[in-house]
Amino acid sequence: MASKRSATVVRSGTAPWLRWTALGVGAGAALASSMAGVVSGLAVFFARQIVTPARTRDENLDILAVVGSGGSRTVILPANEDTTVDGTYSLYFQQGAGHARIGAIRSYVPREGTVERDVETVYTGDLETATRGWWGGAVYPSPAAMGFAEEEVLVPVEGGVAPAWLVRAEAPARTWAIMVHGRGASRAEALRALTPARSLGLTSLVVSYRNDGEAPSAPDGRYGLGMTEWHDVDAAIDFAVSHGARDVVLFGWSMGGAIVLQTADLSRHRRRITAVVLDGPVINWIEVLAHHAALNRIPAPVGRLGQYLLASRRARRITGLAAPLDLRSMDWIARAEQLTLPTLILHSEDDEFVPIGPSAALAAKNPAFVTLERFQRARHTKEWNVDPQRWEAAVERWLHAHLYGRVLPGGGRPWGSVTALP
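Per UniProt numbering, residue 1 is the first one in the sequence shown, and the count goes up by one each step.
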């Protein structure tokens, strides 16, 4: 098998939205005999990493070879937990200036630790000269790459304006879909929902929000894990309403799910929100942060101390947060009975960054309003990548039932806020 350099197996690391140094990896064993000051130091490091946006991405994947030319090319990559899963993905390279869409697996040689996959298209950059990159789930760079007419619009938010893609329905729509990407991702992550939204006659607004690299940064430059970002989604609803929307459906991926749930809970427009669609969402930050502490071999007490620092007003100088984060208020398992919007959750059994457990628990506690669509083999927020037909059909089928005349359990009003399909 041809290669640019020797093939080495690179295992996928921890979550792309929690970046770690050598201090975090393997620290559990060292901390077992450490002084309290070291324990506190690691807790501070843990807390700060959670809320500090990463300004660059690690190019943690070797590009071993590009074979062929023109429209018939393949790329040879190290075999790891991401690159050996079927589906369609993105390969970013040249510090993000390059972007290729990667498709089917041609060959997988475990003993060599390599996998060869189709290169479906190269949107930008020179893949032949690239040596390293990173794997991603946002397959398309823009709505135009999917064949949709797009408009770049600016949503007024605190501190300026946030860019968004507006994709209009074929006919004037009174219901809009507002799509919210996850932590460390871009709005391109949400483009996968455009096809079912368009088929249902919805106008789509794919938004950016504070600290994501496109919208204005928050004054403290820190993530609020949903507690602050929801204001920007509320501003997007303002924009939609001022441009003719009567109702909205909110879509959210990963931390975007937490943002959407905060919006549904606190927005002044909450009566306009008719349904919620969540992909790999953070339902309970306490469980997710405990999971990441364990992934990084950080002892549970240290992880809990990190959570305490995030929630402590006195620790603001340490975390850099302008205000503490009330993680318990974002525990939707404890608040299950308060979620009274029709909610669809799409979540993979193999999600390694945001485990499916809290999503399953929420659906079990509130079956009247929450539907869980389980996927297998997909990793974090990559359910669409593994099976786009199933993902789009599930979303379209569920939303059609809730938008076009179905009466909610318990005798609630019909969710018939849009004109019936012809």
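Don't be surprised by glycine CBs; every beta carbon is placed ideally from N, CA and C.
May I ask you to list the residues that DSSP assigns as paired with residue 491? Residue coverage of the chain in this structure runs from 1 to 422, which leaves residue 491 outside it and unanswerable.
Hey, could you find the ends of the beta strand (DSSP E) D118 is sitting in? 114-124
Coil, strand or helix - P196 by DSSP: helix
Would a C-beta distance cut-off of 9 Å place S199 and L166 closer than the cut-off? no
Give a yes or no on contact between the stretch 178-190 and the stretch 247-259, applying the rule of three or more CB pairs nearer than 8 Å. yes
Local Cβ density within 10 Å of Q49, reported as buried at 16 or more and exposed below that: buried
To the nearest angstrom, how far is it from the Cα of G303 to the Cα of L325? 15 Å
Which residues in the same chain as F272 place their Cβ atom closer than 6 Å to its Cβ, once the five residues preceding and following it in sequence are excluded? Correcting the residue type first, residue 272 is Arg in the shown sequence and not Phe. So the list reads D247, V248, once near-sequence residues are dropped.
L91 (DSSP reduced to helix, strand or coil): strand
Distance between A145 and T381 (C-alpha atoms, nearest Å): 20 Å
Helix, strand or coil at A30 according to DSSP, with G and I counted as helix: The predicted model places A30 with a pLDDT of 44, which falls under 50 and marks its position as unreliable; any figure quoted below should be read in that light. Looking at A30 - three-state DSSP - the assignment turns out to be helix.
Where D58 falls, given that 16 or more other Cβ within 10 Å makes a residue buried: exposed
Looking only at its chain, what residues have a beta carbon closer than 8 Å to the beta carbon of S417, apart from the 5 residues adjacent to it on each side? Residue placement at S417 is poorly supported in this model, since its pLDDT is 36, which falls under 50; the coordinates still yield a value, given next. For S417, where only same-chain residues beyond five positions count, the Cβ hits under 8 Å are R174, T175, R246, D247, T274, L403.
Buried versus exposed call for T21 [16 or more other C-beta atoms within 10 Å across all chains shown]: Residue placement at T21 is flagged as unreliable, the pLDDT there being 41, under the threshold of 50; a coordinate-derived value is accordingly withheld.
Would G98 pass as a contact of T124 if the rule is Cβ separation under 9 Å? yes
Nearest-angstrom Cα separation, counted from E392 out to H400: 12 Å
Integer-rounded CB distance, given that V386 should sit under 8 Å from F369: That belief does not hold up - the Cβ atoms of F369 and V386 are roughly 27 Å apart, past 8 Å.
Residues bridged to F375 by DSSP? S348
Which term fits E81, buried or exposed, when burial requires 16 or more other beta carbons within 10 angstroms of its beta carbon? exposed
I237: first and last residue of the uninterrupted alpha helix (DSSP H) it sits in: 230-242
Please identify the residue among A323, D232, P299 whose C-alpha is closest to the C-alpha of E214. D232
Kindly identify the DSSP beta-bridge partner or partners of H99. Y92, T124
Using the DSSP secondary-structure output, state which residues sit across from T203 in a beta bridge. W176
Below 9 Å between beta carbons: does that hold for S90 and V51? no
Selection from I63, V119, F46, G137 that minimises the alpha carbon distance to A378: G137
Mapping DSSP to helix, strand and coil, what is V85? coil
From R55 to Y92, what distance separates their C-alpha atoms? 15 Å
What beta strand (DSSP E) runs, 3 residues minimum, are completely inside the stretch 296-354? 343-348
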